[in-house]
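As structure tokens, the structure follows; a few thoughts come after it.
Residue numbers (the numbering used here): 136 to 309.
Below, the structure is given as structure tokens:
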């Protein structure tokens with residue numbers, strides 16, 4: 136019975152898309168607003184290693200809104216200026232505690248990865264970690280449907296959590 140209803144509806148979407156295709160003003164439009172933050176404790180170096188992955192167009196829009204500046208993460212001549220904005224934005228929107236003590240995160244840089252930007256950070260040296268708390272509000276200044284996925288890995292054990300706006304805090308014990 137449902138196939139009887141859905142099949143004509145599908146044809147309407149296909150036919151309507153051919154006749155009047157939807158065009159989006161935003162280059163590389165995507166209907167989901169998501170970022171991932173990978174936080175891994177490296178027992179060899181005794182540091183937390185962090186990689187945040189964010190859609191490039193969304194990240195540029197968030198930086199432009201936050202800092203009232205022209206942004207283009209792909210232009211080589213703007214890399215130094217963008218580095219400063221990215222560093223500042225991450226410092227304001229990503230905080231990590233290891234065993235209830237704030238971890239000092241050092242910004243290492245960013246690189247483009249297809250349609251996304253990977254931002255790299257690492258902590259100062261830490262004793263072995265048993266509890267990790269991550270507070271992430273990436274793109275909260277831009278979207279009220281933002282999803283931030285946080286993966287925390289300690290001693291090879293991975294725990295993940297999805298944070299729907301306005302949630303921004305995850306705590307994992309290992």
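In this text, a Cβ means the ideal position worked out from N, Cα and C, and glycines have one as well.
Below 8 Å on the Cβ atoms is my contact criterion, and I expect residue i with residue j to pass it. Report the Cβ-Cβ distance as a whole number of Å.
i, j, result
"residue 261", "residue 173", "Wrong, their Cβ atoms sit about 17 Å apart, outside the cutoff."
"residue 276", "residue 200", "6 Å"
"residue 171", "residue 188", "5 Å"
Apart from the five residues on each side of it in sequence, which residues of its chain come closer than 6 Å, Cβ to Cβ, to residue i?
i, result
"residue 272", "228 and 303"
"residue 215", "none"
Per the DSSP calculation, residue i is bridged to which residue(s)?
i, result
"residue 242", "256"
"residue 172", "187 and 285"
"residue 251", "190 and 248"
"residue 231", "269"
Within 10 Å of its beta-carbon, does residue i have 16 or more other beta-carbons around it, so buried, or fewer, so exposed?
i, result
"residue 142", "The predicted position of residue 142 is uncertain, since its pLDDT is 42 and thus under 50; no value can be drawn from it."
"residue 193", "buried"
"residue 283", "buried"
"residue 211", "exposed"
"residue 209", "exposed"
"residue 226", "exposed"
"residue 258", "buried"
"residue 250", "exposed"
"residue 233", "buried"
Thinking C-alpha only, which one of the options is nearest residue i?
i, options, result
"residue 218", "287, 253 and 296", "253"
"residue 213", "296, 246 and 225", "246"
"residue 270", "305, 264, 198 and 185", "305"
"residue 185", "242, 215 and 263", "242"
"residue 222", "234, 198 and 203", "198"
"residue 274", "235, 240, 239 and 196", "196"
Keeping to the same chain, check which residues put their C-beta closer than 7 Å to that of residue i; ignore five residues upstream and five downstream.
i, result
"residue 244", "218 and 255"
"residue 292", "309"
"residue 280", "168 and 300"
"residue 297", "282 and 284"
"residue 294", "287 and 307"
Beta-carbon within less than 8 Å of residue i's beta-carbon, same chain only, minus the 5 sequence neighbours each way: which residues are those?
i, result
"residue 237", "230 and 231"
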